[in-house]
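Chemist: Residue numbers (the UniProt record's numbering): 1 to 565.
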């Protein structure tokens, strides 16, 4: 464990100074610095750009209306993957409702042994929350031995469609488990054995990307960025659709750049992580990227602003509890956050005073905004969730300072809370419209299955990629160690067990997205999207902590470079 020796006030401001030994995580500095503060107003969206986008939207709406069934399915799939489906929500809902009604009554939507379109229909209906039975759809593709027919192995696009559909499986859907294994094996084989280059370069890229990031687990904006390139290489692409996708991508990018500029100014001028919290991760651009994964549409600008600030503050809090504060200091901070009163400021060490003041000031601004909207009831949920977050962080820090190695039964209940995936879903609802009712907040507090699934994905993925470095610098035992001790297994075996648990958690999430849903779909989408962010940032490494990796490319793609028209 690296030790940083610093002279700070031992407890209260103005008290005697003492040399305090602190674990140092050694996080790298901000990748972006003040880059996004320098927003260029000349890059603002023009009225002409908006008009052109709306004209193209009208053209695509007419195409949707005029297309036959297969054409409708294809257009819906393309608009979703190009990131522009939010422009056609009403039309898509109506079309898929008709497809579902047709499937329920007869085989009117039966596409024979066309795997690509059959699996596509299944996936689109599942995405919309319809409980379409997998066996009813896919049994016909099996041979007399009850296995998927070898005839399918030559149809790469069909295999790809089957693979994407299999990611929507829930518990007990063995046919989709078989579909996943079958499609992955034969897609990999197709790539390895394409010596004569019969597959187009665009299809090869698309398959490689899909095997790393399925549609279901991908971030809409980032997947759109990738798919625009794939689609452009497809000789049969629709020029109008492609142009609309590019124009809208760049249109949204300008809106997001402006938002990030304002949030970055708040971060640098008021928080000033580099000066006030040099021990913490300086990651405001990455926090905003996280929020773009949760919602990217223009209507959620306020929600993004609120959520980005909350996760940025929570990140400093995490590093304070996890990698810097002494046990005594953390007790003072936890008590102050519980008290929620500026009078508690003088009881804190100087470095904590800056954080505490900005925490209360920022939340007061949220409270004033909500009051103006007639949504004051939401503030209590925002406040209570950050207070709870501090308490669970403190309990985990206490374990570390006491050298306590928890049992797995002790560890998991607390570790699921310290993920932040109790805090962030509540925070994601704060800036939303009327759909986020008081009942919806109470539902969140009941720890429903989808929230528990998101917490499990978050905790286990984080622990798998972070535990070695955390143990080196000093940290409470992770799930990897706890499961290994509990089951008497190696860390490698423990990790395999955790990946199976992650897959099961995804099945829980998938189940909760099916109708009838406990709350409105826009609310469930926030939780699904928060889970998708974990798949991006923690799948094989901690890309939030180590933001100089692919994360830098993600930020650049979505927030720096427009797509050439």
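By construction, the Cβ of each residue, glycine as well, lies at the ideal position given by its N, Cα and C atoms.
For residue 201, count the other beta carbons within 10 Å of its own beta carbon; 16 or more makes it buried, fewer makes it exposed. Which is it?
Modeler: exposed
Chemist: How long is the line joining the alpha carbons of residue 266 and residue 486, rounded to whole angstroms?
Modeler: Here the C-alpha atom of residue 266 lies approximately 45 Å from the C-alpha atom of residue 486.
Chemist: To which residues of the same chain is residue 367 closer than 7 Å at the C-beta, ignoring the five residues directly before and after it?
Modeler: 379
Chemist: What's the call for residue 53, buried or exposed, on a 16-neighbour Cβ count within 10 Å?
Modeler: buried
Chemist: Quick one: what's got a C-beta closer than 6 Å to residue 204's C-beta in the same chain, skipping five residues either side?
Modeler: none
Chemist: What does a CB cutoff of less than 7 Å around residue 464 pick up in its chain, not counting 5 residues either side in sequence?
Modeler: Contacts found: 480, 495, 498.
Chemist: Taking the CB atoms as reference points, tell me whether residue 302 and residue 431 lie closer together than 8 Å.
Modeler: yes
Chemist: Give a yes or no on whether the C-beta atoms belonging to residue 224 and residue 81 are separated by under 8 Å.
Modeler: yes
Chemist: Have a look at residue 526 and residue 391 and give me their C-alpha separation to the nearest angstrom.
Modeler: Distance from the CA atom of residue 526 to the CA atom of residue 391, rounded to whole angstroms, is 25 Å.
Chemist: To test your reading of the DSSP string, which unbroken beta strand (DSSP E) runs of 3 or more residues are found completely within the segment 389 to 451?
Modeler: Complete beta strand (DSSP E) runs here, min 3: none at all.
Chemist: Use the C-beta contact count for residue 559: other C-beta atoms within 10 angstroms, 16 or more gives buried, fewer gives exposed.
Modeler: buried
Chemist: Does the beta carbon of residue 240 fall short of 7 Å from some heavy atom of the ligand ZN?
Modeler: By its list of ligands, the structure shown contains no ligand whatsoever, and the ligand ZN lies outside what it can speak to.
Chemist: Below 8 Å on the Cβ atoms is my guess for residue 99 versus residue 126; work out the distance and round it to an integer in Å.
Modeler: 12 Å between Cβ atoms; not a contact.
Chemist: If you draw a straight line from the alpha carbon of residue 64 to that of residue 475, how long is it in whole angstroms?
Modeler: 55 Å
Chemist: Could you pull the start and end residues of the alpha helix (DSSP H) that residue 298 belongs to?
Modeler: Here residue 298 belongs to no alpha helix (DSSP H), and DSSP marks it neither H nor E.
Chemist: When you compare only the Cα positions, how much space is there between residue 306 and residue 444?
Modeler: 18 Å
Chemist: Figure out for me which residue from 521, 373, 414 has the closest Cα to the Cα of residue 389.
Modeler: 414
Chemist: Between 402, 288, 420, which lies nearest to residue 386 when the distance is taken from Cα to Cα?
Modeler: 420
Chemist: Looking only at its own chain, which residues have a Cβ that is under 6 Å from the Cβ of residue 57, when we skip the five neighbours before and after it?
Modeler: 87
Chemist: Within the continuous alpha helix (DSSP H) that includes residue 488, where are the two ends?
Modeler: Per DSSP, residue 488 lies in no alpha helix (DSSP H) segment and is marked neither H nor E.
Chemist: With contact counted as at least three CB pairs below 8 Å, one residue from each stretch, are the segment 445 to 454 and the segment 315 to 331 in contact?
Modeler: no
Chemist: Decide if residue 135 is buried, meaning its Cβ has at least 16 other Cβ atoms within 10 Å, or exposed.
Modeler: exposed
Chemist: For residue 564, does the three-state DSSP call read helix, strand or coil?
Modeler: coil
Chemist: For residue 290, which residues from the same chain have a beta carbon less than 7 Å from its beta carbon, with the 5 sequence-adjacent residues on both sides left out?
Modeler: The answer, listed in chain order, is 311, 533.
Chemist: Could you pull out every residue in the same chain whose Cβ sits closer than 6 Å to the Cβ of residue 337, ignoring the five residues on either side in sequence?
Modeler: The answer, listed in chain order, is 387, 390.
Chemist: Count the other C-beta atoms from every protein chain shown that fall within 10 angstroms of the C-beta of residue 352, then say buried if there are 16 or more, exposed otherwise.
Modeler: buried
Chemist: Rounded to whole angstroms, how far is the Cβ of residue 131 from the Cβ of residue 164, which I believe are closer than 8 Å?
Modeler: Not quite, the Cβ-Cβ distance comes to about 18 Å (not below 8 Å), so this is no contact.
Chemist: Applying the 10 Å Cβ sphere with the 16-neighbour rule, what's the burial state of residue 342?
Modeler: exposed
Chemist: Within this structure, are the beta carbons of residue 47 and residue 76 separated by less than 8 Å?
Modeler: No, these two residues do not count as a Cβ contact at 8 Å.
Chemist: Does the beta-carbon distance from residue 508 to residue 453 come in below 8 Å?
Modeler: By the CB criterion at 8 Å, residue 508 and residue 453 fall inside the cutoff.
Chemist: Between the C-alpha atoms of residue 170 and residue 177, what's the straight-line distance to the nearest angstrom?
Modeler: 9 Å
Chemist: Given a cut-off of 8 Å on the beta-carbon distance, is the pair residue 280 and residue 319 in contact?
Modeler: yes
Chemist: If you compare alpha carbons, which of 551, 119, 172 is closest to residue 30?
Modeler: 551
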